[in-house]
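Just below is one structure, and these are the notes that go with it.
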Amino acid sequence: MQKRRLGNSDMDLSALGFGAWAIGGGGWAFAWGAQDDAQSIEAIQRALDSGINWIDTAAVYGLGHSEEVVAKALKGRDPQPYVFTKCGMVWDDQGHVSRGLKADSVRKECEASLRRLKVDAIDLYQVHWPVDAGAELEEGWTALAELQRQGKVRWLGVSNFNVSQLERVRRIAPVTSLQPPYSLIHRDIEDDVLPYCQAEGIGVIVYSPMASGLLTGAMTRERIHAMPDDDWRRRSADFQEPKLSHHLMLVERLREVGARHGRSPAEVALAWTLREPAVTAAIVGARSAKQVDGFIQAGDFRLTSEEVREVEEALGSGSAMAPGGIYT
Numbered sequence: 285m286q287k288r289r290l291g292n293s294d295m296d297l298s299a300l301g302f303g304a305w306a307i308g309g310g311g312w313a314f315a316w317g318a319q320d321d322a323q324s325i326e327a328i329q330r331a332l333d334s335g336i337n338w339i340d341t342a343a344v345y346g347l348g349h350s351e352e353v354v355a356k357a358l359k360g361r362d363p364q365p366y367v368f369t370k371c372g373m374v375w376d377d378q379g380h381v382s383r384g385l386k387a388d389s390v391r392k393e394c395e396a397s398l399r400r401l402k403v404d405a406i407d408l409y410q411v412h413w414p415v416d417a418g419a420e421l422e423e424g425w426t427a428l429a430e431l432q433r434q435g436k437v438r439w440l441g442v443s444n445f446n447v448s449q450l451e452r453v454r455r456i457a458p459v460t461s462l463q464p465p466y467s468l469i470h471r472d473i474e475d476d477v478l479p480y481c482q483a484e485g486i487g488v489i490v491y492s493p494m495a496s497g498l499l500t501g502a503m504t505r506e507r508i509h510a511m512p513d514d515d516w517r518r519r520s521a522d523f524q525e526p527k528l529s530h531h532l533m534l535v536e537r538l539r540e541v542g543a544r545h546g547r548s549p550a551e552v553a554l555a556w557t558l559r560e561p562a563v564t565a566a567i568v569g570a571r572s573a574k575q576v577d578g579f580i581q582a583g584d585f586r587l588t589s590e591e592v593r594e595v596e597e598a599l600g601s602g603s604a605m606a607p608g609g610i611y612t
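Count along the sequence shown from 1, then add 284; that gives the number in the working numbering.
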């Protein structure tokens, strides 16, 4: 699989990375429903055996459980993949999640992630979500920079930041990468965030490139209706009308394009995301080895410029869109 250097780091990443959000399991605020740990471990190992060389998780996924599953999957593995995780989302004894970047909290989160992941250093430590209250953003980033100096983390990144927030933290310490959402149906970062990162040498690893399963070709109204109550997607406007019909129409266009190459809609959606020069790599979640097999070849699949236009034309055929191609 093709590899690209991530920002100012020494890490050459495979075009696709393994996303460990869903393998955190059920029973928390942003769960994807119940998940079998054995299937999760098998999925991670299949991804690594197939050429993926990095895993992205977060402390909050499953309230620490995702990191623990990642550690089990990597036990005794040589070579080890790069392991990325995040801080800034904490939970109490009742499982209530909140955001915070106080220095003491960041340090405690880092130590807890190191223990759960069973690693000596985190390859990329990311702020999960920005906080705009006072100078807490700067306080948290300063704490991350100190963790880097101590050797507990190798490189520093952010997630879900806008350009203004990137500039604020860059005054304190360099930003290796940004992790934003990006897919055919969520394109708002194209206007300012992606050009900024490309100009400033900041790597971009995008999440939800298949729109949390909507663009895989496997999503149906029946499947959505059958989702468990603790699957956050049941509450997402993307999975409800009037948007849902338009999204499913887009999938049929992806299916048509993919059929010419023997490719799935998921692979076309991923190839579209990776065609953007500012994007270093894409995070793809999987809950089974079979799901990994369904997308892994997308890392080396390229769309022609005509096919890119054909896919994007489908975005305008349906529900109204806001300026810049963003759904309202």
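Cβ coordinates follow ideal geometry from the N, Cα and C atoms, glycine included.
Can you list, in chain order, the residues of its chain with a C-beta nearer than 7 Å to that of residue i? Leave out the 5 residues immediately preceding and following it.
| i | result |
| --- | --- |
| residue 317 | 310, 511, 512, 514 and 515 |
| residue 321 | 353 |
| residue 385 | 372, 411, 415, 420, 421, 423 and 424 |
| residue 303 | 340, 491, 567, 568 and 569 |
| residue 452 | 421 and 422 |
| residue 542 | 548, 549, 551 and 552 |
| residue 575 | 327 |
| residue 591 | 541 |
| residue 292 | 458, 460 and 485 |
Reducing DSSP to helix, strand and coil, say where residue i ends up.
| i | result |
| --- | --- |
| residue 345 | coil |
| residue 436 | coil |
| residue 409 | strand |
| residue 545 | coil |
| residue 426 | helix |
| residue 320 | coil |
| residue 583 | helix |
| residue 441 | strand |
| residue 595 | helix |
| residue 453 | helix |
| residue 367 | strand |
| residue 419 | coil |
| residue 520 | coil |
| residue 333 | helix |
| residue 494 | coil |
| residue 281 | Not covered by the structure: residue 281. The range shown for the chain is 285 to 612. |
| residue 527 | helix |
| residue 359 | coil |
| residue 563 | coil |
| residue 607 | Note on residue 607: pLDDT 31, under 50, position unreliable in the model; the coordinate value appears next. Residue 607 falls in the coil class under three-state DSSP. |
| residue 502 | coil |
| residue 602 | Residue placement at residue 602 is poorly supported in this model, since its pLDDT is 41, which falls under 50; the coordinates are not used for a value here. |
| residue 311 | coil |
| residue 588 | coil |
Need the endpoints of the alpha helix (DSSP H) that residue i sits in, please.
| i | result |
| --- | --- |
| residue 388 | 387-401 |
| residue 478 | 477-484 |
| residue 508 | 505-509 |
I'd like to confirm the pairing. Which residues does DSSP put opposite residue i in its beta bridges?
| i | result |
| --- | --- |
| residue 373 | 383 |
| residue 289 | 296 |
| residue 302 | 339 and 568 |
| residue 470 | 467 |
| residue 515 | 316 |
| residue 461 | 441 and 487 |
For the beta strand (DSSP E) that contains residue i, what are its first and last residues?
| i | result |
| --- | --- |
| residue 488 | 487-490 |
Spatial neighbours of residue i within its chain, please: C-beta separation below 6 Å, excluding the five flanking residues on both sides.
| i | result |
| --- | --- |
| residue 338 | 297, 301, 365 and 366 |
| residue 315 | 514 |
| residue 438 | 405 and 407 |
| residue 449 | 414 |
Taking the CB atoms as reference points, tell me whether residue i and residue j lie closer together than 7 Å.
| i | j | result |
| --- | --- | --- |
| residue 487 | residue 290 | yes |
| residue 501 | residue 539 | yes |
| residue 400 | residue 348 | yes |
| residue 478 | residue 562 | yes |
| residue 435 | residue 461 | no |
| residue 379 | residue 312 | yes |
| residue 555 | residue 585 | yes |
| residue 558 | residue 299 | yes |
| residue 394 | residue 431 | yes |
| residue 397 | residue 343 | yes |
| residue 402 | residue 355 | yes |
| residue 459 | residue 427 | no |
| residue 334 | residue 307 | no |
| residue 288 | residue 564 | yes |
| residue 447 | residue 409 | no |
Going by beta carbon distance, what residues of the same chain come within less than 8 Å of residue i, once the five residues before and after it are set aside?
| i | result |
| --- | --- |
| residue 572 | 323, 326 and 327 |
| residue 444 | 412, 413, 414, 463, 464 and 465 |
Please find out if some non-hydrogen atom of the ligand GTP comes closer than 6 Å to the beta-carbon of residue i.
| i | result |
| --- | --- |
| residue 299 | Among the components of this structure there are no ligands whatsoever, and the ligand GTP is therefore not found. |
Could you tell me whether any Cβ in chain C is nearer than 7 Å to the Cβ of residue i?
| i | result |
| --- | --- |
| residue 297 | Here chain C cannot be found, since the structure has a single protein chain. |
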